[in-house]
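*Asks:* So the protein sequences, as listed, match chains A and B. So in numbering that gives the first Met the number 0, spot 75 of the first sequence is number 74, and the numbers just go up one at a time. So in numbering that gives the first Met the number 0, spot 108 of the second sequence is number 107, and the numbers just go up one at a time. Below is the structure I would like to discuss, written out as structure tokens.
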Amino acid sequence: MANVQYRNVGKSFGSVQVLKDLSLEIEDGTFVVLLGASGCGKTTLLRMTAGLETVTAGEIAIDGRVVNDMHPRDRDIAMVFQNYALYPTMKVRENIGFSLEVAKKPADEIRRKVEEAARVLNLTELLDRKPSELSGGQRQRVAMGRAMVRDAKVFLFDEPLSNLDAKLRAHMRVEIRQLHDRLKATTIYVTHDQIEAMTMADKIVLMKDGNIVQEGSPDDLYDRPNSRFVAEFIGSPQINCIDGVIEAGEGGARLRTQHLAFDLPQGFAAHAGRQVTCGIRPNDVTLDPEGAIVGTLQIAEKTGADVQFHLDVDGTEFVAVAPRSAYRQAGERMSFAIDPGKLHVFDRTTGARLTA
Amino acid sequence: MVVRSKTSRVLRTVAGWAVVALFAFPLYYWLTVAFKDGNEIFNWPPKIFSFTPTVKNFEEVFGISLGFGFGEQREVLPGGGNWRMGPRLWDSIVIAVLSTALAVSIATLASYALSRMHFRGRHHFVSWVLSTRMMPPVAVAIPVFFIYKDLSLLDTYTGVILIHALMNLPLAVLLMKSFFDDIPREIDESAMVDGASRWLIFRRIVLPMVKGGIAATAVLCFIFSWTEFLFVLTLTQTGLKTVPVVSSTFVTSTGTAWGNMAALGAAAMIPAFLFILLVQKHLVRGLTLGSVKQ
């Protein structure tokens, strides 16, 4: 087990700068998810940690040891690749045991560890098959098994679930997290799927254009996004953003848009006159005939227990989630009430979070 | 699956067999010449099916008695009817097999490096390798002759094997590189993370995956060496000669021994055919199947 430190890490491919002066500390035994849209540099950061890309600036330290110039095999890491990268000419057994074989471990120890990993991953029946005879989910598990037998200091996952179907993905999510809870190994997991990040991470590191935008627990990022970008990235369905101006009246602060007006927490009076964007999560509104958000229902999507209402609020789309019992037909007028305490207010130009 | 009418299926089969016949007929005709008596070769119209087969040509070419077909009237043919070509066939086999092994070994290592390792001028290197084959071999033959003379390589197996391997290398490297390029880089990286060294990755992981490519490259190299004429002609004298070069000796001042030439050609097909048969079982597709999700 080990901690991982990134100190002012930079990476350029020729003239293209992919990572810029990035610093991050990953504590021993935590499950950290590097989250971001494609091209944000998250995979590059992971590959640099593995030693598969050179570090052009700064330092990466694993367990206090700077590993910048260290060969991947000396870093004591295990990695699961997006496309699994199994060895096609070897059986599952040999695939899983390859690292132990390379490390010249005794044959009976290799067999014991491989069989133990196979048992945990439900691969026992498949040990003597070739990768070509396995399904996508089974191959994925073999890739995990290969990492598991290593007893590595750090586990790296590069979008391991992106090639699986939705059901299997949800299942593997749980398995990977359970595996982590059992092994307690420091894990760095790259994904662009915010649901994976929210469900699995101890800590999410949200990246954009080679920079860290925000890091914190899933709840931190969901409840206190530090910018409009974070608020829009985290949460499904996506947060509603309404532009307006803060007004201070005798009753406290209010947000006034072209057609709407609703209360803000008291403290926002200090920002009176400021052009802001107000973020409202679809789950944070309640159906209320007296509510401040009034619109025409465009479409109602049943998702099972809930209904997602897509409203047209004076020309902008607004999404609200309500229990299934609230189902309406398209075309109806609906109104929703907002809890001022659950609003997120961002500066309209910088996108930064404003606090009351 | 598209459902096709019976007529279309019949037409396709007929067309297929027509093409096969078109390519197979010259080969068949060549074989009949090898088994024909001297006079029958020149019969007009040619006897395609109805001729009296004889092994005389083979006996003359290899200077041996096959133990049947004797008692026929022997005519005096150019070369006196006794060519003793057995050792020449052996020369061909030794040179083709060893030069192929040498070319494929070097090409496999070189192309893996070219495919996987980053070094300055890698792309120029690839085109430079190929450019060596752009010169007509005749332009190279005379300088090579003098170099070989100085190195005492003239008229030796080593000399011919080396030049054949060298001639084959550029294409072999290029061909093998494309096979290595097809293997996802992540497989190497995965093995690297697993703790394997470059050499171990090459030997244990990558090499078994390019078996088909090696087989294909070997077939091409073998056939080149088996049929190469110019360098064997210029670089050997009496010590050794390969089949293509000795075939030309059937053309003599007193006439061309067509039957003998065909017999040697037919015999020479057998080792080449066996070699290809041997490697072709490795020519299977989909060796990377199941490794990565495409």
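For each residue, glycine too, the CB sits at the ideal point set by N, CA and C.
On the criterion of 16 or more Cβ atoms from any shown chain inside 10 Å, does V320 (chain A) qualify as buried, or is it exposed?
*Replies:* Walking along the first sequence from the start, residue 320 (chain A) turns up at place 321. Burial call: buried.
*Asks:* Do I204 (chain B) and A190 (chain B) have their C-beta atoms within less than 7 Å of each other?
*Replies:* Residue numbering aside, residue 204 (chain B) sits at position 205 when the second sequence is read from its first letter. Residue numbering aside, residue 190 (chain B) sits at position 191 when the second sequence is read from its first letter. The answer is yes: Cβ separation under 7 Å.
*Asks:* Please report whether the beta-carbon of L51 (chain A) lies at a distance below 7 Å from any beta-carbon of chain B.
*Replies:* For this step, residue 51 (chain A) is matched to residue 52 along the first sequence. Yes, its Cβ sits closer than 7 Å to a Cβ of chain B.
*Asks:* Measuring CA to CA, which of A:T348, A:P288, A:R280, A:P217 is closest to L33 (chain A)?
*Replies:* Reading the first sequence from its first residue, position 34 is the one you call residue 33 (chain A). Per the Cα distances, A:P217.
*Asks:* May I ask you to report which of helix, strand or coil DSSP gives M333 (chain A)?
*Replies:* Along the first sequence, one-based indexing puts residue 333 (chain A) at 334. Residue state, collapsed to three classes: strand.
*Asks:* Which residue's Cα is closest to the Cα of E185 (chain B): A:V79, A:G278, A:A151, A:R6?
*Replies:* Within the second sequence, residue 185 (chain B) is the residue found at index 186, counting from 1. Among A:V79, A:G278, A:A151, A:R6, the Cα nearest to that of E185 (chain B) is on A:V79.
*Asks:* If we define contact as Cβ-Cβ less than 7 Å, is Y86 (chain A) a contact residue for chain B?
*Replies:* Here residue 86 (chain A) refers to the residue found at position 87 when the first sequence is read from its first residue. By this cut-off, Y86 (chain A) is an interface position.
*Asks:* Beta carbons nearer than 7 Å to chain B: which residues of the region 82-111 of chain A have them?
*Replies:* N82, Y83, A84, L85, Y86, P87, T88, F97, S98, V101, A102
*Asks:* Rounding to the nearest angstrom, what Cα-Cα distance links L335 (chain B) and K210 (chain B) in this structure?
*Replies:* Absent from the model: residue 335 (chain B). The displayed extent of chain B is 0 to 293, so no value can be given.
*Asks:* For a contact meaning CB atoms closer than 8 Å, what does R72 (chain A) contact in chain B?
*Replies:* Residue mapping note: residue 72 (chain A) aligns to position 73 of the first sequence, counting from 1. Here the neighbours are M191, V192, D193, G194, A195, S196.
*Asks:* So what's F30 (chain A) in DSSP terms, helix, strand or just coil?
*Replies:* For this step, residue 30 (chain A) is matched to residue 31 along the first sequence. Here F30 (chain A) sits in strand by DSSP.
*Asks:* Flag this pair as yes or no: are the beta carbons of P270 (chain B) and I162 (chain B) separated by less than 7 Å?
*Replies:* Residue mapping note: residue 270 (chain B) aligns to position 271 of the second sequence, counting from 1. Residue mapping note: residue 162 (chain B) aligns to position 163 of the second sequence, counting from 1. No, the Cβ-Cβ distance between P270 (chain B) and I162 (chain B) is not below 7 Å.
*Asks:* Got a sec: is the Cβ-Cβ distance from M78 (chain A) to anything in chain B below 7 Å?
*Replies:* The residue given as residue 78 (chain A) occupies position 79 in the first sequence. So yes, M78 (chain A) belongs to the interface.
*Asks:* For L174 (chain B) versus T216 (chain B), is the C-beta distance shorter than 7 Å?
*Replies:* Walking along the second sequence from the start, residue 174 (chain B) turns up at place 175. Walking along the second sequence from the start, residue 216 (chain B) turns up at place 217. The answer is yes: Cβ separation under 7 Å.
*Asks:* Could you tell me which residues DSSP pairs with D157 (chain A) in its beta bridges?
*Replies:* By 1-based counting over the first sequence, the position of residue 157 (chain A) is 158. Its beta-bridge partners are A:V189.
*Asks:* Give the DSSP bridge partners of L18 (chain A), in chain order.
*Replies:* Position 19 of the first sequence holds residue 18 (chain A). DSSP, once it has assigned bridges, lists A:K10 as partnering L18 (chain A).
*Asks:* If I measure Cβ to Cβ from G340 (chain A) and keep anything under 7 Å in the same chain, skipping five residues before and after, which residues do I get?
*Replies:* Here residue 340 (chain A) refers to the residue found at position 341 when the first sequence is read from its first residue. The residues are P264.
*Asks:* Which residues in chain A sit within 9 Å of L199 (chain B), going by Cβ to Cβ distance?
*Replies:* Translated into the one-based positions of the second sequence, residue 199 (chain B) becomes position 200. Neighbours of L199 (chain B) on chain A, chain order: V101.
*Asks:* Quick one: is P322 (chain A) buried, meaning 16 or more other Cβ sit within 10 Å of its Cβ, or exposed?
*Replies:* The residue labelled residue 322 (chain A) in the question sits at position 323 within the first sequence. Under this definition P322 (chain A) is an exposed residue.
*Asks:* For G38 (chain A), does the count of other Cβ atoms within 10 angstroms reach 16, so buried, or fall short, so exposed?
*Replies:* Walking along the first sequence from the start, residue 38 (chain A) turns up at place 39. The residue in question, G38 (chain A), is exposed, as its Cβ has fewer than 16 Cβ neighbours within 10 Å.
*Asks:* Can you check whether the C-beta of I186 (chain B) is within less than 7 Å of a C-beta belonging to chain A?
*Replies:* Within the second sequence, residue 186 (chain B) is the residue found at index 187, counting from 1. It does: the Cβ of I186 (chain B) has a partner Cβ on chain A nearer than 7 Å.
*Asks:* For T155 (chain B), which residues of its own chain have a beta-carbon under 7 Å away from its beta-carbon, when the five flanking residues on both sides are left out?
*Replies:* Taking the first residue of the second sequence as 1, we reach residue 155 (chain B) at position 156. These residues qualify, in order along the chain: G238.
*Asks:* Could you give the distance in angstroms between the alpha-carbon of V31 (chain A) and the alpha-carbon of G330 (chain A)?
*Replies:* The residue labelled residue 31 (chain A) in the question sits at position 32 within the first sequence. The residue labelled residue 330 (chain A) in the question sits at position 331 within the first sequence. Those two C-alpha atoms are separated by around 44 Å.
*Asks:* Here's a check: name, in chain order, each residue in its chain whose Cβ is nearer than 7 Å to the Cβ of T233 (chain B), leaving out the five neighbours to either side.
*Replies:* Numbered from its first residue, the second sequence carries residue 233 (chain B) at position 234. Once the five neighbours on either side are set aside, the close Cβ partners of T233 (chain B) are A140, F144.
*Asks:* Could you pull the start and end residues of the alpha helix (DSSP H) that T232 (chain A) belongs to?
*Replies:* Within the first sequence, residue 232 (chain A) is the residue found at index 233, counting from 1. Checking the sequence shown, residue 232 (chain A) turns out to be Phe, not Thr. Counting along the chain, the alpha helix (DSSP H) containing F232 (chain A) begins and ends at 227-232.
*Asks:* Measure the alpha-carbon distance for V17 (chain A) versus K10 (chain A) and round it to whole angstroms.
*Replies:* Counting from 1 along the first sequence, the entry for residue 17 (chain A) is found at position 18. Counting from 1 along the first sequence, the entry for residue 10 (chain A) is found at position 11. Between V17 (chain A) and K10 (chain A), the alpha-carbon positions lie close to 6 Å from each other.
*Asks:* For I337 (chain A), count neighbouring Cβ atoms within 10 angstroms of its own Cβ and tell me buried if that reaches 16, exposed if not.
*Replies:* As a first step, residue 337 (chain A) is located in the first sequence; it is residue number 338 there, counting from the start. By the 10 Å Cβ count, I337 (chain A) comes out buried.
*Asks:* Would you check if the region 72-88 of chain A and the region 47-56 of chain A touch, i.e. whether three or more CB-CB distances between them fall below 8 Å?
*Replies:* yes
*Asks:* With the cut-off set at 7 Å, would you say V318 (chain A) and P281 (chain A) are in Cβ contact?
*Replies:* Position 319 of the first sequence, counting from 1, holds the residue named residue 318 (chain A). Position 282 of the first sequence, counting from 1, holds the residue named residue 281 (chain A). Closer than 7 Å, so yes.
*Asks:* In three-state terms, what does DSSP make of L10 (chain B)?
*Replies:* On the second sequence, position 11 is the one that residue 10 (chain B) refers to. It is helical.
*Asks:* Nearest CA to the CA of I222 (chain B): which residue from B:T241, B:D149, B:Y111, B:T31?
*Replies:* Position 223 of the second sequence, counting from 1, holds the residue named residue 222 (chain B). Per the Cα distances, B:T241.
*Asks:* Less than 7 Å between C-beta atoms, sequence neighbours within five positions excluded: which residues of the same chain meet that for A36 (chain A)?
*Replies:* For the purposes of this step, residue 36 (chain A) is taken as the residue at position 37 of the first sequence. Correct list, in chain order: H191.
*Asks:* Measuring only between beta-carbons, confirm whether S11 (chain A) sits less than 7 Å from chain B.
*Replies:* The count along the first sequence starts at 1 and reaches residue 11 (chain A) at position 12. For S11 (chain A), the answer is no, since every Cβ of chain B falls outside 7 Å of its Cβ.
*Asks:* Hey, would you say L310 (chain A) sits closer than 7 Å to G294 (chain A), going by beta carbons?
*Replies:* What you label residue 310 (chain A) is simply residue 311 of the first sequence in a count that begins at 1. What you label residue 294 (chain A) is simply residue 295 of the first sequence in a count that begins at 1. It is a contact, given that the beta carbons lie within the stated cut-off.
*Asks:* Can the beta-carbon of P183 (chain B) be found closer than 7 Å to that of V128 (chain B)?
*Replies:* On the second sequence, position 184 is the one that residue 183 (chain B) refers to. On the second sequence, position 129 is the one that residue 128 (chain B) refers to. No.
*Asks:* Residues of chain A with CB under 9 Å from M208 (chain B), in chain order?
*Replies:* Sequence index remark: in the second sequence, residue 208 (chain B) carries index 209 (1-based). Those are Y86, P87, T88, listed as they occur along chain A.
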